[in-house]
Amino acid sequence: MPTHCRETPMSNHTYRVTEIVGTSPDGIDQAIRNGIARAGQTVRNLDWFEVVQVRGHIENGEIAHYQVGLKLGFRLDGED
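Heads up, the sequence shown is in my numbering, so the first residue is 108 and it goes up one at a time.
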């Protein structure tokens, strides 16, 4: 079976979910990256994210800032 088709066993982890908003004047992707990077400074064991909302700020008819709502999942301590 090709490597990309192999299933990996799912570990039994318990996650906590928190919501944040990442921002950037440079685009949606950068807003996501900024939000995850900032959360990673204070939250351990970040494992996944989900984009739940995309919005922006408009100035003079132009996009000035992107705002991306994210759900972040992190493993509770004591579970590797």
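Here a beta-carbon is modelled for each residue, glycine too, at the ideal position from N, C-alpha and C.
Quick caveat: nothing in here was measured; it's all calculated off a predicted structure.
Heavy atom of the ligand ZN within 7 Å of residue i beta-carbon
i	result
asparagine 119	The ligand ZN is not among the ligands present in this structure, which contains no ligands whatsoever.
Under 8 Å between C-beta atoms of residue i and residue j
i	j	result
glutamine 174	threonine 130	yes
alanine 146	leucine 153	yes
Burial state of residue i, where buried means 16 or more other Cβ atoms lie within 10 Å
i	result
leucine 179	buried
leucine 177	buried
serine 118	exposed
glycine 134	exposed
alanine 171	exposed
glycine 185	exposed
glycine 207	One cannot answer for residue 207 here, as it falls past the ends of the chain, which runs 108 to 187.
Per-residue DSSP class, three states only, for residue i
i	result
glycine 163	strand
arginine 145	helix
aspartate 154	strand
Supposed contact pair residue j and residue i - C-beta distance, whole angstroms, cut 8 Å
i	j	result
arginine 123	phenylalanine 181	6 Å
Span of the beta strand (DSSP E) around residue i
i	result
serine 118	No beta strand (DSSP E) contains serine 118, which DSSP labels as neither H nor E.
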